[in-house]
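Number of protein chains: 2
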Amino acid sequence: MTNNGRNLGRIIKQRRNTIPLTLREVSKMSGVSSSHLGRIERGERFPSAHILRRIAKPLGFDERQLFTFAGYLSSSSTEVTEAEPEYTTARLDPYVAKVLAQEPMEVQRSVIAILTTLKSIAKGLQTEND
Amino acid sequence: MTNNGRNLGRIIKQRRNTIPLTLREVSKMSGVSSSHLGRIERGERFPSAHILRRIAKPLGFDERQLFTFAGYLSSSSTEVTEAEPEYTTARLDPYVAKVLAQEPMEVQRSVIAILTTLKSIAKGLQTEND
DNA sequence: ATTATAATTCGCCAAATGGCAAAATGTCAA
DNA sequence: TTGACATTTTGCCATTTGGCGAATTATAAT
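Below, the structure written as structure tokens:
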């Protein structure tokens, strides 16, 4: 469990809900029991590398990214291969791109408008709290 | 143990003898008990991802290579990724992509989550009106 | 050969993973 | 509400990992 399985669990759960899929469906696709998946999501179990490997694709994760997130691969190891340009931080999640691309142009733009608005609201809240 | 831990063990043992190092020395460097290392080498135990990660450097292995060898990472994953996904019909507005790409991954996903939620709400409203 | 000394293997144990089936919870229509 | 579903959580258990210390085996040096 290593207690920070919580974070990994949250990430996995959020992704599953975003798609969205049920535990059972992910279980079917990955061959991992749904009870175990549930425990992983709520941080009661830490997934072994084998399990992580099997759930990566059904949830649309990049395998290595997930491994790095889980602490199995050191992050430096991930950087090396990435022949990407410098916007390593500024990368658009492939799944996000896919979903958004299916929306009409106005919707896509609206999403950005909402995001911008939320950010300015958040900024206001932050200064309020400090 | 998964029986083909034999192969992995041979690889590790050969590397260690080539350097050469004793089990104790590798143990000191990696923090993994020498008895466990011994069992791994002779295929009686299959190293977990965490253990594999810790012995990679002392033995001069590339982390990902070793993971792939152990069957934790799929070999395809080691090759090039980042090829463009399959949204040939649907198109993502370049400006939208650019703006979104500058956001952290969670934000990107949250955007999709919001979109999904709004769509289901809209669906509810629609059926309500008819 | 015979001790020292280092290296490896073995016996045992605690802790964690992951599956199965039952219990609990959620959801929705009648 | 009630009943009929699907979904998630829990209880229980087999299996595996990995550590510690003792026993065994190799390696020298005298």
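First to last, the sequence lines map onto chains R and Z.
Take the first sequence: its position 82, counting from 1, is numbered 82 in the numbering used here, and each next residue is one higher.
Count along the second sequence starting at 1, add 1000, and that's the number in the numbering used here.
C-beta atoms are modelled at their ideal positions from N, C-alpha and C, and glycine is treated no differently.
Please classify F69 (chain R): does DSSP put it in a helix, a strand, or coil? For this step, residue 69 (chain R) is matched to residue 69 along the first sequence. Three-state DSSP puts F69 (chain R) in a helix.
Please list, in chain order, all residues of the same chain as G1009 (chain Z) whose beta carbon is under 7 Å from its beta carbon, the five residues on each side excluded. Position 9 of the second sequence, counting from 1, holds the residue named residue 1009 (chain Z). Contacts found: I1040, E1041, R1042, G1043.
Buried or exposed for I1012 (chain Z), please, with buried defined as at least 16 other CB atoms from any protein chain shown within 10 angstroms of its CB. The residue you call residue 1012 (chain Z) lines up with position 12 of the second sequence. Buried is the call here.
R1024 (chain Z): buried (16+ other C-beta within 10 angstroms of its C-beta) or exposed? In the second sequence, residue 1024 (chain Z) corresponds to position 24, counting from 1. With fewer than 16 other Cβ atoms within 10 Å, it is exposed.
How many angstroms separate the CA atom of T52 (chain R) from the CA atom of T1022 (chain Z)? Along the first sequence, one-based indexing puts residue 52 (chain R) at 52. Along the second sequence, one-based indexing puts residue 1022 (chain Z) at 22. With the sequence shown as reference, residue 52 (chain R) is identified as Leu, and Thr is not the correct amino acid for it. Cα-Cα distance, rounded: 33 Å.
Inter-residue spacing [alpha-carbon to alpha-carbon] between L1059 (chain Z) and S74 (chain R): By 1-based counting over the second sequence, the position of residue 1059 (chain Z) is 59. By 1-based counting over the first sequence, the position of residue 74 (chain R) is 74. Distance between the alpha carbons of L1059 (chain Z) and S74 (chain R): 16 Å.
Could you give the first and the last residue of the continuous alpha helix (DSSP H) run that contains R1054 (chain Z)? One-based indexing of the second sequence puts residue 1054 (chain Z) at position 54. Unbroken alpha helix (DSSP H) run through R1054 (chain Z): 1049-1056.
Residues of chain Z with CB closer than 7 Å to the CB of F61 (chain R), please, in chain order. Position 61 of the first sequence, counted from the first residue, corresponds to residue 61 (chain R). Result: empty, since nearest Cβ-Cβ is about 11 Å, beyond 7 Å.
Could you tell me the distance, in whole angstroms, from the CA atom of L66 (chain R) to the CA atom of R1006 (chain Z)? Working through the first sequence from its first residue, we reach residue 66 (chain R) at position 66. Working through the second sequence from its first residue, we reach residue 1006 (chain Z) at position 6. Near 27 Å, if we compare the C-alpha coordinates of R1006 (chain Z) and L66 (chain R).
What are the residues in the region 1023-1036 of chain Z lying within 7 Å of chain R by C-beta distance? Cβ contacts with chain R: none found.
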